[in-house]
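Number of protein chains: 2
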Amino acid sequence: MTDAVDCDIRQSLDRISSQMRRNYSESLRELNLYVGQDNLLYRLWLGDGVTQMQLCEHLKCEPPTVTNMVKSLEQNGFIYRKRDVDDGRIMRIFLTDKGKELEKPVEIKWREQQEKLLQSISMEDRLIVRKLMQQMERNIV
Amino acid sequence: MTDAVDCDIRQSLDRISSQMRRNYSESLRELNLYVGQDNLLYRLWLGDGVTQMQLCEHLKCEPPTVTNMVKSLEQNGFIYRKRDVDDGRIMRIFLTDKGKELEKPVEIKWREQQEKLLQSISMEDRLIVRKLMQQMERNIV
DNA sequence: GAATGAAATTTAGCAGACTAAATGTATCAC
DNA sequence: GTGATACATTTAGTCTGCTAAATTTCATTC
C-alpha cells in the first residue's frame, strides 16, 4: 500500500510537470518565447546586468545551458551581452526594450496557468500542498 | 496572498520535478540508461511486442521522440525492432536479454528515489498530497 | 484498379538540459 | 614576472522533447 501511494505521487508529479511544461510552451509561443526563457527573463526583470553564473544559479542549470539560452534570446533581440570592464571573463546580460516589454504579458500567462492548475482546490488545501512540497524539496537536494 | 501561494506551488513543483529528474538521471547512468528510457522499458516489461504508437501513449510524448528513444535503446542493445507482418507501417518493439535484466535494478533505483522524496512525510499527508495532485492532473489536461 | 485519404514512422531542425573538454582571463605564490 | 591554479564562458556531443514536412503503407471510394 505504502508503495502504491509513493509511486503514484512520483508519477503524478511527473505527469503534472510535463503537462504544465507543454501548456506553458504553447502559451509562451504566442510571445515568441520558448519555455524556460521566461524564467531567465524574469531574473533580468528583477534587475539586469547580471552574469551568466548568476543566471545559472537562478535557473538551477549548468553553464552550457545558459550559454545556449542567452544566444537564442540575443538572436531574437530580447537581450544583449556586454563583457565586464573589470573582469574579462565575465559576460553581463541586459534587457533590450523588446525584452522589457514582455514582463506584463508573461505575468498574465503565468497567472492563467497557475489558476488552471489550482482551480477548485481550497485555500487550506493549497497551503497544505505547499507545505508538503517544501518538505519534498528539502528531501531531494 | 492567494497569488503568493499559487506561485509558490507552481515554482515548487517545477523545482521538485527538475531536481528529481537530475537525481534519476544520475542514478540511471549507473545502469547505462538515460532518464526517460526507464519508463519506455517499463512499458516493455509489462509485455513487449508493442508498437511505437503505443509507446507514445504510454510516455505521453510525440512520435519523433519515440523514434529517437527507440533508436538509442536499440543501439545500446536493450531492445530490437521488428516490422509487423500484417501491416508494413508498424514497428514492433521487443526486449533483448540485456533489456530484460534491467527490470530489477531499475525498480530498486525507483524505490530509492521515491523514499528519498517522501521521507518524513506521514501516510495521511501522502494520501492528501496524492488526492490533490490527482485533482491538479485533471485540471491541466 | 487507380486515386484519394488516413495512419505509422522517419527526417530535419530547433530548444532545454547534461557532461567533458577547451579557451581565455584573473589571481596568487614564489 | 613566471608558473600554477582557479574561474567564466564556450564548444562538441548526447539525450529528451517539440513541430513541420516527407515517406511508406494501408484502406476506401469511385
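For the record, the sequence lines run as chains H and A.
Be aware that the first sequence starts at 1, since it is given in our numbering, and climbs by one per residue.
Be aware that the second sequence starts at 1, since it is given in our numbering, and climbs by one per residue.
Just so you know, even glycine gets a beta-carbon here, dropped at the ideal spot from N, CA and C.
Just so we're clear, the structure is a prediction, and the values are computed from it rather than from any experiment.
DSSP-derived helix/strand/coil call for residue i
i: threonine 51 (chain H); result: strand
i: arginine 130 (chain A); result: helix
i: lysine 82 (chain H); result: strand
i: arginine 92 (chain H); result: strand
i: tyrosine 24 (chain H); result: helix
i: aspartate 144 (chain A); result: Outside the displayed span of chain A (1 to 141) sits residue 144 (chain A), for which this structure offers no information.
i: isoleucine 16 (chain H); result: helix
i: aspartate 125 (chain A); result: helix
i: glutamate 30 (chain A); result: coil
Buried or exposed (CB count within 10 angstroms, at least 16 for buried), residue i
i: isoleucine 9 (chain H); result: buried
i: asparagine 32 (chain A); result: exposed
i: serine 17 (chain H); result: buried
i: aspartate 38 (chain A); result: buried
i: glycine 77 (chain H); result: exposed
i: lysine 71 (chain H); result: exposed
i: methionine 53 (chain A); result: exposed
i: methionine 69 (chain H); result: buried
i: methionine 123 (chain A); result: exposed
i: glycine 205 (chain A); result: This structure gives no information on residue 205 (chain A), because the portion of chain A shown stretches from 1 to 141.
i: leucine 46 (chain H); result: exposed
Proximal residues of chain A, C-beta to C-beta of residue i below 9 Å
i: arginine 10 (chain H); result: Met20, Trp110, Gln113, Gln114, Leu117 and Leu118
Beta-carbon neighbours of residue i, restricted to chain H and to distances below 9 Å
i: serine 27 (chain A); result: The premise fails here: serine 27 (chain A) is roughly 12 Å from chain H at the closest Cβ pair, so nothing lies under 9 Å.
Contacts around residue i, its chain only, beta-carbon distance under 6 Å, and the 5 residues preceding and following it disregarded
i: glutamate 26 (chain A); result: none
Residues near residue i in its chain [Cβ-Cβ closer than 8 Å; skip 5 each side]
i: arginine 126 (chain A); result: Leu118
i: threonine 51 (chain A); result: Asp84, Ile90, Met91, Arg92 and Ile93
i: arginine 138 (chain H); result: none
The alpha helix (DSSP H) enclosing residue i, as first and last residue numbers
i: asparagine 68 (chain A); result: 63–75
i: glutamine 113 (chain H); result: 103–118
i: aspartate 38 (chain H); result: 37–45
Residues that residue i contacts on chain H, provided the C-beta gap is smaller than 8 Å
i: glutamate 137 (chain A); result: Ser12, Arg15, Ile16 and Gln19
Residues of its chain near residue i, where Cβ-Cβ distance is below 7 Å and the 5 sequence neighbours each way are ignored
i: tyrosine 80 (chain H); result: Glu74, Phe94 and Thr96
i: isoleucine 128 (chain A); result: none
Amino acids of chain A, ordered along the chain, whose beta-carbon sits closer than 7 Å to that of residue i
i: aspartate 125 (chain H); result: Leu132
i: isoleucine 121 (chain H); result: Leu132 and Gln135
Interface residues of chain A facing residue i [CB-CB closer than 8 Å]
i: asparagine 23 (chain H); result: Ile140
i: lysine 60 (chain H); result: Arg15, Ser18 and Gln19
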